[in-house]
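S.K.: Counting from 695, one number per residue, gives the positions in the sequence shown under the working numbering. Note that the Cβ used here is the ideal one computed from N, Cα and C, for glycine as well.
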Amino acid sequence: MKRCVMLALLVLTLAAPLSAQKPAAQDEFVPVTGAPANQETIPARRLVGIAYGFIWVVLFGYVWSVRSRLSRVEREMEAVSRRVPERK
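(1) With a threshold of 6 Å on Cβ separation, who are the neighbours of R761 within its own chain once the five nearest residues in sequence on each side are excluded?
(2) Got a sec, what are the start and stop residues for the alpha helix (DSSP H) M771 sits in?
(3) What separation, rounded to the nearest whole angstrom, lies between the Cα atoms of S765 and P779?
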């Protein structure tokens, strides 16, 4: 008896999606043709340009920072090498 009930529930569960009705035409996707009226839009070209500009500024800032720290370390190494006598 339990098997029959379980089998019936399984069949009903699997058959439920098959019996679902197709949505009405007004519920389906309708593409938009043009910009909506009275709505502010931002051009994508400007946003992409700003994003690329920001990335380049950050990259150049990072390279400049690494270059300045490296030159400072090189100056310190030269100063230390002048202070330490040469070993033979």
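M.R.: In brief:
(1) none
(2) A738 to R777
(3) 23 Å
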